[in-house]
Every structure is written in C-alpha cells, then in structure tokens.
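K.L.:
Sharing a structure here in structure tokens format.
Protein chains: 2
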Amino acid sequence: MLRGDITSAIRAAVMQELAEVGYGRLSIEGVARRAGVGKTAVYRRWNSKLALVLDVVSDLAVRKMPLPDTGSLRDDLEILLQIINQVLKHRLASQVVPDLLAEAARNPQIAETLQQALRANQRNVADLLLGRAVARGELSPQIDTEAAVDLIIGPLYWRLAISRTRIPQGYLPRLAAITAATLQSELMSPPAVAPRPAAPRPAGPAPAAPRPTEPAPAAVVPPVGTPPPGAPVTA
Amino acid sequence: MLRGDITSAIRAAVMQELAEVGYGRLSIEGVARRAGVGKTAVYRRWNSKLALVLDVVSDLAVRKMPLPDTGSLRDDLEILLQIINQVLKHRLASQVVPDLLAEAARNPQIAETLQQALRANQRNVADLLLGRAVARGELSPQIDTEAAVDLIIGPLYWRLAISRTRIPQGYLPRLAAITAATLQSELMSPPAVAPRPAAPRPAGPAPAAPRPTEPAPAAVVPPVGTPPPGAPVTA
DNA sequence: ACCCGACGGAACGGGTCCGTTTCAACGCTG
DNA sequence: CAGCGTTGAAACGGACCCGTTCCGTCGGGT
Chain A
31 MLRGDITSAI RAAVMQELAE VGYGRLSIEG VARRAGVGKT AVYRRWNSKL ALVLDVVSDL
91 AVRKMPLPDT GSLRDDLEIL LQIINQVLKH RLASQVVPDL LAEAARNPQI AETLQQALRA
151 NQRNVADLLL GRAVARGELS PQIDTEAAVD LIIGPLYWRL AISRTRIPQG YLPRLAAITA
211 ATLQSELMSP PAVAPRPAAP RPAGPAPAAP RPTEPAPAAV VPPVGTPPPG APVTA
Chain B
31 MLRGDITSAI RAAVMQELAE VGYGRLSIEG VARRAGVGKT AVYRRWNSKL ALVLDVVSDL
91 AVRKMPLPDT GSLRDDLEIL LQIINQVLKH RLASQVVPDL LAEAARNPQI AETLQQALRA
151 NQRNVADLLL GRAVARGELS PQIDTEAAVD LIIGPLYWRL AISRTRIPQG YLPRLAAITA
211 ATLQSELMSP PAVAPRPAAP RPAGPAPAAP RPTEPAPAAV VPPVGTPPPG APVTA
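As they're listed, the protein sequences go chains A and B. Just so you know, we're using my numbering here: the first sequence kicks off at 31 and counts up by one. Just so you know, we're using my numbering here: the second sequence kicks off at 31 and counts up by one.
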C-alpha cells in the first residue's frame, strides 16, 4: 500500500545525500527533508540508516550490464572501460562509490553488499571477458585473473575516482590497447612464484643491477600514526 | 608553551578516529576523549575540525621518501610499489587514505592538502622515476606521463585499498616487471590523438572487428539516482 | 458514500556534539 | 618561592539527530 512515488523520491534523496555528505553524515531526517516527505514515511519502509542505504545501493548495479561481445580482447576491453567511464563520469556515482568503498572497510555489511552489487557485475564481467579471450586463444589459460582484474580496472578507477583529472580524447581506446597488450605478455602467466631464475626482461638497454627483492631503504615510512599510541598521556 | 606530548597524543587520536569513524563522523570531543585530554587542549591548538585534520594529515607524508636510485626502470618501479605497499599495508593508512580521498571530492581544502601532501611526494616520485628512465633511454621522451602514473599506481591502489585481497608472494616484483614492460610499449608514446590510422596492434590472433569507438550499447546504465530528481513529491 | 491506510507535521525524551566560559590544580620558569 | 600559563573538568545555550507516538488529512477501493 506504500506509495511508489514516495519510495523512489526517498531513494533519489539517499543518493544525493550520500554524494553530498557521505555515509557517515547521512541522517534519516536529512533524507526525509530532501525528499520532501515525513520522517514517518522513511521509517515505515526501512528501520535503520544501514538498511536504507544497503537497499538503495544494492539495486543500483542490479541493472545488468549488456556485456560486450566483440570478437577481440582489445575491443571487449574498450567497451568495458567505456561502461566504467560512463558510470563513474556522473557526479553522483563518482562521489558515492569511493565513499561507500571507504566505508566498506569499516562496515562488513556494506562491504558484502557492495561485493554482491558491484563486483558480481564487474568481477564477473571481467572474468567473462578474460574467459572469452582465453577461449579465442588470445590469452594463456594460466593467466593470473586476479592480477588481470587489477590491471584492467585499477588505472581507470584511479583516474576517474581518485586523480579526477580530465580524460583526454582517445584515452580509453588507448588504455584498452595498452591493457590488452599487457595481458598478452608472457609475464601474466605464472600465477605466483618462479620470478627468481633469470628474469626474462623484454628489451632493457641497461642490464639492470642486482634486484635485492628487499630493498626497502630502512626508515622509509615510520608507519603513520603509531608512534605515540596513547601512552604519554598525563591523565 | 603548549605541551608537546599532549599535542602528539591528539595527533595520534585523530588518526585513530579517522580510521574508525572517518572524517564525516570525526568529532573534536571524540578526539579529546580518545587522547585522554580535555576539549580545551584541542581548541587551544586548532580552531576547527578541518584545521585539525588538515594539519595532521599534511605532516604525514612530509617524511620524504628516500626515492629509488637503481639503475633500471623495472627495479625503480619495484621499490616504488614496495613503498606504496608498505604504507597502505598498515590498518590505519589503508582506512584513512581512501576515506580522505573520498572526502576530498567534497571538500576542496582536503583535496588541496592531499594534493600537496601525497601527490607532491608521489606524483613527483613517479615523474622522477619516469624522467630517469627517459634519460637512460628506457622510455620514449614523448611518453604520456599522466597515463603512465595511472598505470603505475592504479592497479596496486585498487588491490590494496579497494579490492583488499591478499597479495600473494612475488606479486609486487611481477607487477613491476609487467608495468615496466607496458611503459616501454610503443603504445605509450602518442600523448593524445593519432589512434585512427591503422591501429598497430601487437600480435592479435584474430584480426579484430571494426572498432566503432562509440559502441555504448544504449541503455547501458540509466545514470544512477537521477530518474526522479525530486519531482514526483506530493507535498 | 464510506472506511482504511498511508501521508505530513509536530512533538516526545534522550543522546551527541558544537564552541565558549569558568574554575581549581599543577608544573615550570624565573 | 612566587607567579604565570597550560591543564582537565564541568557547565553553558544551541543545534542536530534519534526512534517513537499522536493526530488531522487525504485518497483509493468497495
């Protein structure tokens, strides 16, 4: 019997509040105010801020991406990057997504929901994309898919959500070409170990000095805020 | 005349509060409570939550990274990745950094401070690293440094701060090798345009279908929360 | 025509936080 | 040893928000 237009007004207000103040500062009173509805209408549908946000964000990515079906890894990648770009290009998403991802580090419920909502529609897309390329013979079957996902999504996410620099024309196709070439490198095959014997560098002009593997130059970073964990307090 | 031990207790408390509740929910009363000091002691040093946080985070990255000086791009990269890994590995940093980066999308002051604190010690490091490689002849002088930074930092940041999956042994050296090879690809040189005439694909088994550049399959993503911007409200 | 349910508004007691003020205690400096 | 300044504690009025309750209204279904 709950009115649908009010429900969706609340949903929209949640997104806008998330973008403007973030999950931490989001309040139900604020959502109701922005939606132009009474607090009662919100509490009648959801019983907590967490439930409200979880519900709203979980049906965001439910809209299945009509995933690519080109004939080549390179073009599949370009389409995927373009989808990600299109999503994160919008002001709301580019502010909400990093905020929720940061909050997910504290709140397991949010982490799990994002996992289901985003990654099930993104990790799976990436896996599908890689599987197709393997079937085509474009990629080795032993490719490290975890690392591949990092390489595919990492740079664009960094640029769109963190660096927030303008993306020049032609950047996405170029990034797709670069990533495709990288994934096809023989360096992507060994899933874990075996980097020890005779590193097969492609074409380095310099023979490259010994690689100590533990070069951390000591005193690099004295963690962050741990020096006085709370000890020298007078009290 | 202000007691230094109290000042640093407050600083540590700010970091812990940032990690636990984020910038949005951080309160001066909470900081003072956690530091075991009076609210007065905090207000005597900083006059607002923003000033407090800005001051604390700005002298975090001040500790100059003793940047690499290996003889090769590959090993320079590995050291850089290891530094980033070491920093973001810590619970505090891996929670605070994404939170502040998300907040920076809303608060220009935080954005600017992070720009100075982090990027001036990270973007510059990356630029230096790239400049050295160019001087050595390992990289083309026309390399697109912006894209290069995305490729260097993006994957590891995604893995450490977003995906938060365990990093297997040997991942960092492998990622460094992969990234170095990628940077040396001829695809990195054209800074912007010129992807149109005869795409120089490296070695694709399939000739790859036409690349429409505008393949967005229509109705991919109906933005995010914009459908009812607040219109259908009764009120 | 009627009734039932969702609606907005207002108020409830209780909580946290703001930024400021006052005060007594303490420790350093001179 | 005397004085000055920082300290923690407490309280201030004001603001916001919580989650709940009550009430008058309005609209759709029977």
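For every residue, glycine included, the Cβ atom is placed at its ideal position computed from N, Cα and C.
1) Would you mind giving the Cβ-Cβ distance between Asp85(B) and Trp76(B), rounded to the nearest angstrom? I have them listed as a contact below 8 angstroms.
2) At a Cβ cut of 8 angstroms, what residues of the region 120–141 of chain A count as close to chain B, listed as they run along the chain?
3) Does Met31(A) come within less than 8 angstroms of chain B when only Cβ atoms are used?
4) Which residues in chain A sit within 9 angstroms of Ile183(B), going by Cβ to Cβ distance?
5) Expressed to the nearest angstrom, what Euclidean distance is found between the alpha-carbon atoms of Ser215(B) and Arg55(B)?
6) In this structure, how does DSSP classify Val164(B) when only helix, strand and coil are distinguished?
7) Can you check whether the C-beta of Ser78(B) is within less than 8 angstroms of a C-beta belonging to chain A?
8) Enumerate in chain order the residues of its own chain whose CB-to-CB distance from Ile192(A) is below 7 angstroms, with the five nearest sequence positions on each side excluded.
9) If I follow the unbroken alpha helix (DSSP H) through Ala135(B), where does it start and stop?
10) Candidates Thr209(B), Glu168(B), Leu213(B) and Leu144(B): which alpha carbon is nearest Pro128(B)'s?
11) Can you tell me whether Leu148(A) is helix, strand or coil according to DSSP?
12) Against chain B, with Cβ distances strictly below 8 angstroms, would Ala212(A) count as a contact?
13) Compare the Cα-Cα distances from Arg121(B) to each of Ala135(A), Arg121(A), Val117(A) and Leu159(A) and report the closest residue.
14) Can you find a C-beta in chain A that's less than 8 angstroms from the C-beta of Ile176(B)?
15) Exposed or buried, which one is Tyr73(B) when buried takes at least 16 other CB atoms within 10 Å?
16) Excluding the five sequence neighbours on either side, which residues of its own chain have a C-beta within less than 6 angstroms of the C-beta of Gly60(B), listed in chain order?
17) Rounded to a whole number of angstroms, what is the C-alpha to C-alpha distance between Asp106(A) and Ile140(A)?
18) I'd like to know whether the C-beta of Val51(A) is nearer than 8 angstroms to at least one C-beta of chain B.
19) Just mark Gln172(A) as buried or exposed, buried being the case when its beta carbon has 16 or more other beta carbons within 10 Å.
20) Should Gln199(B) go down as buried or exposed, given a rule of 16 or more other Cβ atoms within 10 Å for buried?
21) Hey, is Asp106(B)'s beta-carbon within less than 8 angstroms of any beta-carbon in chain A?
22) What is the DSSP secondary structure of Pro171(A), counted as helix, strand or coil?
23) Asp99(A): which of Gly66(A), Ala42(A) and Leu160(A) sits nearest, CA to CA?
24) At a CB distance below 9 angstroms, what residues from the region 45–75 of chain B approach chain A? Give them in sequence order.
25) Could one say the Cβ of Arg162(B) lies closer than 8 angstroms to chain A's Cβ atoms, at least one of them?
26) Quick one: give me the first and last residue of the alpha helix (DSSP H) that Gln199(A) is part of.
27) When the distance is taken between beta carbons, is Leu103(B) closer than 8 angstroms to Ala163(B)?
28) Which first and last residues belong to the alpha helix (DSSP H) in which Val44(B) is found?
29) Would you grab the beta carbon distance between Ile114(A) and Leu217(B) for me? Rounded to a whole angstrom, and I think it's under 8 angstroms.
30) Could you please give the first and the last residue of the uninterrupted alpha helix (DSSP H) stretch that includes Val72(B)?
31) Return the residue from the list Arg64(B), Tyr201(B) and Leu110(B) that minimises the CA-CA distance to Thr37(B).
32) Going by other Cβ atoms of all chains shown within 10 Å of its Cβ, with 16 needed for buried, is Gln112(B) buried or exposed?
33) Are any of the Cβ atoms in chain A nearer than 8 angstroms to that of Asp157(B)?
34) For the alpha helix (DSSP H) that contains Ser193(A), what are its first and last residues?
35) Taking DSSP as the reference, what is the three-state secondary structure of Gly101(B)?
P.N.:
From the atom records:
1) 6 angstroms
2) Result list: His120, Leu122, Ala123, Ser124, Gln125, Val126, Pro128, Asp129, Leu131, Ala132, Glu133, Ala135 and Arg136.
3) no
4) Gly184, Pro185, Trp188, Ile192 and Ser193
5) 46 angstroms
6) Three-state DSSP puts Val164(B) in a helix.
7) Chain A, which has no Cβ nearer than 8 angstroms to the Cβ of Ser78(B), makes this no.
8) none
9) In this chain, Ala135(B) is not harboured by any alpha helix (DSSP H), its DSSP state being neither H nor E.
10) Leu144(B)
11) Residue state, collapsed to three classes: coil.
12) A small fix is needed here, since residue 212(A) is Thr in this sequence, not Ala. Chain B, which has a Cβ nearer than 8 angstroms to the Cβ of Thr212(A), makes this yes.
13) Measuring from the Cα of Arg121(B), the nearest candidate turns out to be Ala135(A).
14) Reading off the sequence, residue 176(B) comes out as Glu, not Ile. It does; some Cβ of chain A falls within 8 angstroms.
15) exposed
16) Glu47
17) 30 angstroms
18) It does: the Cβ of Val51(A) has a partner Cβ on chain B nearer than 8 angstroms.
19) exposed
20) Under a 10 Å Cβ-count criterion, Gln199(B) is classified as exposed, with fewer than 16 other Cβ atoms of the shown protein chains found around its own Cβ.
21) no
22) coil
23) Leu160(A)
24) Interface annotation for the region 45–75 of chain B against chain A: Met45, Gln46, Leu48, Ala49, Glu50, Val51, Gly52, Tyr53, Gly54, Arg55, Leu56, Arg64, Ala65, Gly66 and Val67, criterion Cβ-Cβ distance under 9 angstroms.
25) no
26) That residue, Gln199(A), is in no alpha helix (DSSP H); it is neither H nor E in DSSP.
27) yes
28) Gly34 to Arg55
29) That pair is no contact at about 20 angstroms.
30) Lys69 to Arg75
31) Arg64(B)
32) buried
33) Not closer than 8 angstroms to any Cβ of chain A, the Cβ of Asp157(B) fails to qualify, so no.
34) That residue, Ser193(A), is in no alpha helix (DSSP H); it is neither H nor E in DSSP.
35) coil
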